[in-house]
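Protein chains in written order, with this note's numbering: chain H, 1 to 757; chain C, 758 to 927. Read the structure below first, then the notes.
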Amino acid sequence: MAEIARELSEYLDDMALNILMVEPGDLSVVGALLELTEQLVAEAGKQEGQGMILSMAKSFNAALQKIIMGDLPDSAENFDRLGQCVVQMQEVARKGGEVDEAANRLFRENMTAVGFAVEEQAGPPSEAEPAAAQSPAAPPAPEPAAPSASAKAEKGGAVDLDFLQDKDLLAGFVAESFEHLESIEVNILDLEQDPGNSDIINNIFRTFHTIKGVSGFLNLKKINELSHITENLLDDVRNGKREMDSDVIDVVLGVGDYLREMVQNVKDVLEKGPDVYRDYGISQFVERVKAVQSGQGEAAPAVLQLDEEDEESSSAEAEADVPPAVAPQGRSSAAAQPAAGSQPAAARANGPAARSRIGESIKVDIDKLDGLVNAVGELVIMQSLVRQNPLVSRLADPKLNRDFSQLARITTELQRTAMAMRMVPIRQTFQKMTRLVRDLSKKTGKTVDLIMVGEETEVDRNMVDSIYDPLVHMIRNSVDHGVQSPDAREKVGKPRTGSVYLRAYQKGGNIVIEIEDDGEGLNTPKIRKKALERGLISEGDNLTDHDIQNLVFLPGFSTADKITDVSGRGVGMDVVKKAVEKLRGKVDVSSEAGKGSIFTIRLPLTLAIIDGIIVRIGMERYIIPTIAIQESIRPKREEYNTVYGKGEALMIRDRLVPIIRLYEIFGVEPTYTDPCEALVVVVENEGVQRALMVDELLGKQEVVIKSLGGYLKDTKGVAGGTILGDGRVGLILDLASLLAIERSSAEAAATAEGEMF
Amino acid sequence: MQAAAEEVRSESVGGVHELEGKYLTFALGKEEYGIGILKVREIIGLMEITAVPHTPSYIKGVINLRGRVIPVLDLRLKFEMETEAYTERTCIIVVEVQGESAAVQVGMLVDSVSEVLNVSGQEIEPPPAFGGSTETAFILGMAKIKGDVKILLDADRIIGTGELAGFEAM
Numbered sequence: 001m002a003e004i005a006r007e008l009s010e011y012l013d014d015m016a017l018n019i020l021m022v023e024p025g026d027l028s029v030v031g032a033l034l035e036l037t038e039q040l041v042a043e044a045g046k047q048e049g050q051g052m053i054l055s056m057a058k059s060f061n062a063a064l065q066k067i068i069m070g071d072l073p074d075s076a077e078n079f080d081r082l083g084q085c086v087v088q089m090q091e092v093a094r095k096g097g098e099v100d101e102a103a104n105r106l107f108r109e110n111m112t113a114v115g116f117a118v119e120e121q122a123g124p125p126s127e128a129e130p131a132a133a134q135s136p137a138a139p140p141a142p143e144p145a146a147p148s149a150s151a152k153a154e155k156g157g158a159v160d161l162d163f164l165q166d167k168d169l170l171a172g173f174v175a176e177s178f179e180h181l182e183s184i185e186v187n188i189l190d191l192e193q194d195p196g197n198s199d200i201i202n203n204i205f206r207t208f209h210t211i212k213g214v215s216g217f218l219n220l221k222k223i224n225e226l227s228h229i230t231e232n233l234l235d236d237v238r239n240g241k242r243e244m245d246s247d248v249i250d251v252v253l254g255v256g257d258y259l260r261e262m263v264q265n266v267k268d269v270l271e272k273g274p275d276v277y278r279d280y281g282i283s284q285f286v287e288r289v290k291a292v293q294s295g296q297g298e299a300a301p302a303v304l305q306l307d308e309e310d311e312e313s314s315s316a317e318a319e320a321d322v323p324p325a326v327a328p329q330g331r332s333s334a335a336a337q338p339a340a341g342s343q344p345a346a347a348r349a350n351g352p353a354a355r356s357r358i359g360e361s362i363k364v365d366i367d368k369l370d371g372l373v374n375a376v377g378e379l380v381i382m383q384s385l386v387r388q389n390p391l392v393s394r395l396a397d398p399k400l401n402r403d404f405s406q407l408a409r410i411t412t413e414l415q416r417t418a419m420a421m422r423m424v425p426i427r428q429t430f431q432k433m434t435r436l437v438r439d440l441s442k443k444t445g446k447t448v449d450l451i452m453v454g455e456e457t458e459v460d461r462n463m464v465d466s467i468y469d470p471l472v473h474m475i476r477n478s479v480d481h482g483v484q485s486p487d488a489r490e491k492v493g494k495p496r497t498g499s500v501y502l503r504a505y506q507k508g509g510n511i512v513i514e515i516e517d518d519g520e521g522l523n524t525p526k527i528r529k530k531a532l533e534r535g536l537i538s539e540g541d542n543l544t545d546h547d548i549q550n551l552v553f554l555p556g557f558s559t560a561d562k563i564t565d566v567s568g569r570g571v572g573m574d575v576v577k578k579a580v581e582k583l584r585g586k587v588d589v590s591s592e593a594g595k596g597s598i599f600t601i602r603l604p605l606t607l608a609i610i611d612g613i614i615v616r617i618g619m620e621r622y623i624i625p626t627i628a629i630q631e632s633i634r635p636k637r638e639e640y641n642t643v644y645g646k647g648e649a650l651m652i653r654d655r656l657v658p659i660i661r662l663y664e665i666f667g668v669e670p671t672y673t674d675p676c677e678a679l680v681v682v683v684e685n686e687g688v689q690r691a692l693m694v695d696e697l698l699g700k701q702e703v704v705i706k707s708l709g710g711y712l713k714d715t716k717g718v719a720g721g722t723i724l725g726d727g728r729v730g731l732i733l734d735l736a737s738l739l740a741i742e743r744s745s746a747e748a749a750a751t752a753e754g755e756m757f
Numbered sequence: 758m759q760a761a762a763e764e765v766r767s768e769s770v771g772g773v774h775e776l777e778g779k780y781l782t783f784a785l786g787k788e789e790y791g792i793g794i795l796k797v798r799e800i801i802g803l804m805e806i807t808a809v810p811h812t813p814s815y816i817k818g819v820i821n822l823r824g825r826v827i828p829v830l831d832l833r834l835k836f837e838m839e840t841e842a843y844t845e846r847t848c849i850i851v852v853e854v855q856g857e858s859a860a861v862q863v864g865m866l867v868d869s870v871s872e873v874l875n876v877s878g879q880e881i882e883p884p885p886a887f888g889g890s891t892e893t894a895f896i897l898g899m900a901k902i903k904g905d906v907k908i909l910l911d912a913d914r915i916i917g918t919g920e921l922a923g924f925e926a927m
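In structure tokens:
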């Protein structure tokens, strides 16, 4: 006992020394002081009967943090007063931690003079005191009577949006938290593969720890509390007091989701103002976490469980006990305290292995990146302009030629790198699917393995977010409708556990994502029947099975017999198709009855670049996106038909494809006006085929899409512009709106026709 | 449009002195026009313009301005003047105006660029009331300098979003 007191005294002596050296504005000494205080808190916390010191040290710590944060002035007077506080603490320590009312009173007086409110401690310090001392600060005033541990949902009441004070910090917190929360999922899923890997557990722990710390500083008390108790639970796991079993994983994932929702709300508040603030009730989760923590912890010593319980409940009590008068002061101490309590944990967590999994990277503003990509694109064009300059190309200087090819290599490399900066592996998106499949298989009572291939495939940063929703939909579909129940699988001689493959790879200029299941496959006759009922096809249509299967992408087409919670809510695969087409991609399904189905999504590598065919019409050049092109032909006279009142069409492979004379729509003077002399490019958009008449195909090229500027943004028929090899602007056709123009003009013609009769 | 024209007029009458400053003057037909120098980004020679379909006739199309695609409008057509063949003096004045969300750059084709003039407040008179036509809406005022009259134009109104709304209705 005396030994311990001496140790504490040593810390206090060091602190006294430090405080003498502090000069206002010299934060490094304050930092050293803070570190000492934290050690003192840790030390005092370990010992019994040092509650008095502990609570004083904690208040001291919080006051210091407020000074560092600039909440309290770092004046010489304040440091003098803090010095006095240290003296009082030394006094208590000398007495072996006994309760010393006089010292306590002096300590409090000094603290109050500094501008820091120390809570009255009810009753003599007890075993539960450490917790009580830590938590009183936690509950900010505006919610004096919201016991977090009660089952009652908290009510907003007078909405406390104090946390809005520092918006920059808050925005940073939001962004960071999302990242951290995402990492929880990834880490947990890793952990399922490799249970007991302490690095991964540490990673998860650290996530909650960080969120807890920062939210504490920012006075986001609910987020703080929820992450705090989860951190406690994980701490037990880390220390080997309990297993990382599925109960823990479930609750951690649940909390992660809920935290994300809460952080999202904070973000909304930041963006849209305090009106959208929602007060989230966290009591449910608090109880769940506690139940998990106490319920199945055989490995954990009972005493410790009790301690944890005590801490929670006393914190709840303390919350209710805060006198309203202390409230305004208590706010930022609330922010500081929990973080202070967690410092020892932080020290433990920041081991050398902590960051081993994260590659070094920096964050770059997307605008800057786009600027770079633009500049590089321009460089490439300028280079070819210079090289093609007649004067320059006449110079037959070998050195010049060598230099030019060297320059070309460098610019190409530069362009490649600039493009690559926008690319991220699809891994993150895929890993979210693991979670989804896990949840879904639980919900549906099926056992499903998700096998991922090619997670390292890189995709445009902008695409990653947009591909998430369609993927979720398709995975749901595969698990819910594709894979049968274990019993049904057994009956048909399949293993009870179903498999869903999620593959990504590059093929040509595309990213291909495949979702394959080994379930029952699509019921082609049923689709056909349904399509007939809905008048989507007619009996006479000569359709292959593959054609019929792809009808599921039509709106409102769901073959599920029962609407389940999981999918089949009437929003079918058409949503997927639309989303994929928005990314200028394509989606396709092929299926074999009884064996399973494969959904294939084909996406362009990047949204900034489009693979296009450059066509010439008269003097103008246009770019048609390659993905929409089916074929290009020179029509034969016998294939050409005019349909009275409906325009003209070509018979291509037994299909009548209407012709669009692009030169008419674009008002340019063409070389050919006879389709049989010109070329037609057959394009397909949303299932509609059209033959575009052009004069000549000039070649295939990857072009960088540029907006025409706000001024001409909504021009019909044009998706944007690009700078061609000669420096001129070429227009990229937007087939969707182009076909719409054609349709409306055809209708106009038809009505005009109708009026004549 | 009527209301806008009136608003401009009252503004101009009230505060012609606020209009003093440097103007880039250019010729269009027989007239000399001026445009606030702060709006002007650069002056470039005529380059090949890519026509964009389904736009008003005075929008000649788009050009590549060092990697950016910007629209170009022909002021002669915009002001419903007779077209004339472009000469080597024909220029594109690139102006920057505030669009709905961000600043947009737009090129304006003019016959030739003259000089940068310092116009003082007492040289400026409010635009004459021709009777509410759109054309006067673009006019900030008339500057009388050494016996010549230069028409001071409002770049924002020439390119303004109000005009855009007009195209969309087309």
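All residues carry an ideal CB built from backbone N, CA and C; glycine is no exception.
{"Item": "Burial state of A396(H) (16 or more Cβ within 10 Å)", "Value": "exposed"}
{"Item": "Separation of V255(H) from D199(H), as counted between CA atoms", "Value": "21 Å"}
{"Item": "Minimum Cβ-Cβ distance from F217(H) to chain C less than 7 Å", "Value": "no"}
{"Item": "Close beta carbons around L781(C), own chain, < 6 Å, minus the five adjacent residues each side", "Value": "I792, I794, V797 and V873"}
{"Item": "F599(H) - partner residues in DSSP beta bridges", "Value": "I515(H) and V589(H)"}
{"Item": "Anticipated Cβ contact below 8 Å, V694(H) with A678(H), distance rounded", "Value": "6 Å"}
{"Item": "Below-7 Å beta-carbon distance, M15(H) vs any chain C residue", "Value": "no"}
{"Item": "Partners in chain C for I723(H), counting only beta-carbon separations shorter than 8 Å", "Value": "N821, G824 and V826"}
{"Item": "Distance, D235(H) Cα to V30(H) Cα", "Value": "29 Å"}
{"Item": "Beta-bridge pairing of L692(H) - partner residues as DSSP gives them", "Value": "I660(H) and V681(H)"}
{"Item": "Short-range partners of chain H found in the region 806 to 818 of chain C, where Cβ spacing is below 9 Å", "Value": "I806, T807, A808, V809, P810, H811, T812, I816 and G818"}
{"Item": "Buried or exposed (CB count within 10 angstroms, at least 16 for buried), R621(H)", "Value": "buried"}
{"Item": "Neighbouring residues, chain C, relative to A740(H) (Cβ below 9 Å)", "Value": "Within 9 Å Cβ-Cβ: nothing; A740(H) doesn't reach chain C, min ~12 Å."}
{"Item": "V797(C) at chain H interface by Cβ criterion, 7 Å", "Value": "no"}
{"Item": "For N78(H): DSSP bridge partner residues", "Value": "In the DSSP output, where bridge partners are listed per residue, N78(H) has none listed."}
{"Item": "Same chain only: Cβ atoms within 6 Å of P604(H), ignoring 5 sequence neighbours per side", "Value": "R584"}
{"Item": "Identity of the residue in D13(H), G45(H), N18(H) and I67(H) nearest Q88(H) by Cα", "Value": "D13(H)"}
{"Item": "Neighbourhood of R355(H) by C-beta distance below 7 Å, restricted to the same chain and skipping five residues each side", "Value": "In this predicted model, R355(H) has a pLDDT of only 38, less than 50, meaning its place in the structure is not dependable enough to derive any value."}
{"Item": "Rounded straight-line distance, which links the Cα of G730(H) to that of I820(C)", "Value": "9 Å"}
{"Item": "Beta-carbon neighbours of T715(H), restricted to chain C and to distances below 9 Å", "Value": "V809, P810, H811 and T812"}
{"Item": "Residue environment, P136(H), which counts as buried when at least 16 other CB atoms sit within 10 Å", "Value": "Note that P136(H) scores 40 on pLDDT, short of 50, meaning its location in the model is unreliable; the coordinates nonetheless yield the value given after this. So P136(H) ends up on the buried side."}
{"Item": "For E777(C): DSSP bridge partner residues", "Value": "Paired residues: none, contrary to the question."}
{"Item": "Beta-carbon neighbours of L731(H), restricted to chain C and to distances below 7 Å", "Value": "T807 and V809"}
{"Item": "Contacts of S707(H) in chain C (Cβ-Cβ under 8 Å)", "Value": "V826"}
{"Item": "The beta strand (DSSP E) enclosing M651(H), as first and last residue numbers", "Value": "G647 to I652"}
{"Item": "Under 9 Å by beta carbon: chain C residues contacting G377(H)", "Value": "G824"}
{"Item": "Length of the line joining the Cα atoms of Q484(H) and K446(H)", "Value": "7 Å"}
{"Item": "Closer than 7 Å at the beta carbon, the chain C residues around I665(H)", "Value": "P810"}
{"Item": "Neighbourhood of S590(H) by C-beta, 8 Å cutoff - its chain only, sequence neighbours within 5 removed", "Value": "H546, Q549, S597, I598 and T600"}
{"Item": "Exposure label - P495(H); buried when at least 16 CB within 10 Å", "Value": "exposed"}
{"Item": "Between the CA atoms of N462(H) and D365(H) - distance to the nearest angstrom", "Value": "13 Å"}
{"Item": "Proximity to L226(H) [Cα-Cα], best of E192(H), N239(H), V263(H) and G196(H)", "Value": "V263(H)"}
{"Item": "Other residues of its chain near K817(C): CB distance less than 6 Å, five sequence neighbours each side excluded", "Value": "I806, V829 and D831"}
{"Item": "D911(C) versus G878(C): straight-line alpha-carbon distance, rounded", "Value": "16 Å"}
{"Item": "Alpha helix (DSSP H) segment containing E799(C), residue limits", "Value": "Note, E799(C): premise wrong, no alpha helix (DSSP H); beta strand (DSSP E) at V797 to G802."}
{"Item": "Buried versus exposed call for L738(H) [16 or more other C-beta atoms within 10 Å across all chains shown]", "Value": "buried"}
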